[in-house]
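For the sequence shown, the positions run 25 to 219 when this note's numbering is used. C-beta: ideal position from N, C-alpha, C; glycine also. None of these values were measured; they are calculated from a predicted model. Just below is one structure, and these are the notes that go with it.
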Amino acid sequence: MMIHLNPHEYIAKGTHKKIYIHPLFPDRCIKQAYNIKGIRDLIREGNYLKHKKSSCLPKYHGLASTNLGLLPVFDYITDYDGTHCKNITAELSMPYNNSQESIIEALKKFKQTIIKDSIVCLELFPANLALRNNGDKTYSIYIIDLGDSSRGLHLEYFCPATRKKHMRRRWNNLMLMLIKTSCEHLLPSLRNLIE
Numbered sequence: 025m026m027i028h029l030n031p032h033e034y035i036a037k038g039t040h041k042k043i044y045i046h047p048l049f050p051d052r053c054i055k056q057a058y059n060i061k062g063i064r065d066l067i068r069e070g071n072y073l074k075h076k077k078s079s080c081l082p083k084y085h086g087l088a089s090t091n092l093g094l095l096p097v098f099d100y101i102t103d104y105d106g107t108h109c110k111n112i113t114a115e116l117s118m119p120y121n122n123s124q125e126s127i128i129e130a131l132k133k134f135k136q137t138i139i140k141d142s143i144v145c146l147e148l149f150p151a152n153l154a155l156r157n158n159g160d161k162t163y164s165i166y167i168i169d170l171g172d173s174s175r176g177l178h179l180e181y182f183c184p185a186t187r188k189k190h191m192r193r194r195w196n197n198l199m200l201m202l203i204k205t206s207c208e209h210l211l212p213s214l215r216n217l218i219e
């Protein structure tokens, strides 16, 4: 069955891709690339997620036939109540936000998970992370975009030492980005997460 997507009703748009909510499965999303880099990214992301399982990655559900072409389907990460996840940068920059300490704890768990599960991605940009409210005053963090594929990652796929070294650098870069935009009272907690 062909799925009809309105090209103007996407829920998010990045540099290379648009994201649509799957009309038949609201817990899934369909990604559409609109340039060659985006196509390469989606192919790499789909192939990687086919074989890689982790609590910080969405599941890949294969390809769907749509009026916009054959497009990949992924989990759509939402808060416990089905609403769109909040932005981690926005949450950490709000003064006196009651959830900020829980978000710091989620960052600690996220760091443990990406290292334990040997996740490979190009960069950990805050915009590529979904901050999921679990509904019990806890949060989970998901990588919803593995990054652009303009640079090769071949060595990281096969060499654990290289993967760990590069992930440590990416983690520290993420912490530095969050430190630049976060409230002053959170800076010591974020600095403690830098290796």
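Through-space distance from residue j to residue i, alpha-carbon basis
i      : j      : result
Ser126 : Ser79  : 18 Å
Asn30  : His46  : 11 Å
Arg215 : Ile203 : 8 Å
Ile112 : Gly93  : 32 Å
Cys183 : Gln124 : 35 Å
Leu209 : Ile167 : Leu is not the amino acid found at residue 209; the sequence shown has His there. Going by the C-alpha atoms only, they are around 26 Å apart.
Integer Cβ distance of residue i from residue j, believed to fall under 8 Å
i      : j      : result
Glu115 : Leu155 : 6 Å
Ala88  : Leu95  : 6 Å
Asn152 : Asp169 : 4 Å
Ser117 : Thr205 : 5 Å
Lys188 : Ile139 : 7 Å
Met191 : Ile143 : 7 Å
Residue interval of the beta strand (DSSP E) (run including residue i)
i      : result
Asn121 : Where Asn121 is concerned, there is no enclosing beta strand (DSSP E), given that its DSSP letter is neither H nor E.
Lys55  : Arg52 to Ala57
Thr90  : Tyr84 to Thr90
Ile168 : Careful: Ile168 lies outside any beta strand (DSSP E) and carries neither H nor E.
Tyr44  : Lys41 to Ile45
Ala185 : First-last for Ala185: Pro184 to Thr205, but that is the alpha helix (DSSP H), not the beta strand (DSSP E).
Leu29  : That residue, Leu29, is in no beta strand (DSSP E); it is neither H nor E in DSSP.
Leu153 : Leu153 to Asn157
6 Å Cβ shell around residue i - same chain, five flanking residues per side excluded
i      : result
Leu148 : Arg194 and Leu198
Tyr44  : Leu29, Tyr34 and Ile54
Pro119 : Cys207
Lys42  : Tyr34 and Gln56
Lys110 : Leu155
Nonlocal neighbours in the same chain, by C-beta distance under 7 Å from residue i, ignoring five residues either side
i      : result
Arg52  : His46, His85, Val97, Phe98, Asp99 and Tyr100
Ser164 : Ala130, Arg156 and Asn158
Met26  : Ser89, Thr90 and Asn91
His108 : Thr102
Gly62  : His40 and Lys41
Leu211 : Ile203
Asn59  : His40
Span of the alpha helix (DSSP H) around residue i
i      : result
Ser213 : Leu211 to Arg215
Gly93  : That residue, Gly93, is in no alpha helix (DSSP H); its beta strand (DSSP E) goes Gly93 to Asp99.
Contacts around residue i, its chain only, beta-carbon distance under 8 Å, and the 5 residues preceding and following it disregarded
i      : result
Lys74  : Tyr84
Gly171 : Asp65, Cys145, Leu146, Glu147, Phe149 and Asn152
Self-check item: the segment 56-75 contacting the segment 126-138, beta-carbon criterion three pairs below 8 Å
Solution: Result no; under three Cβ-Cβ pairs closer than 8 Å.
Exercise. Say whether the segment 97-111 touches the segment 156-167, bearing in mind that this needs 3 or more beta-carbon pairs closer than 8 Å, one atom from each stretch.
Key: Contact holds between the segment 97-111 and the segment 156-167, because three or more Cβ pairs, one in each stretch, are under 8 Å apart.
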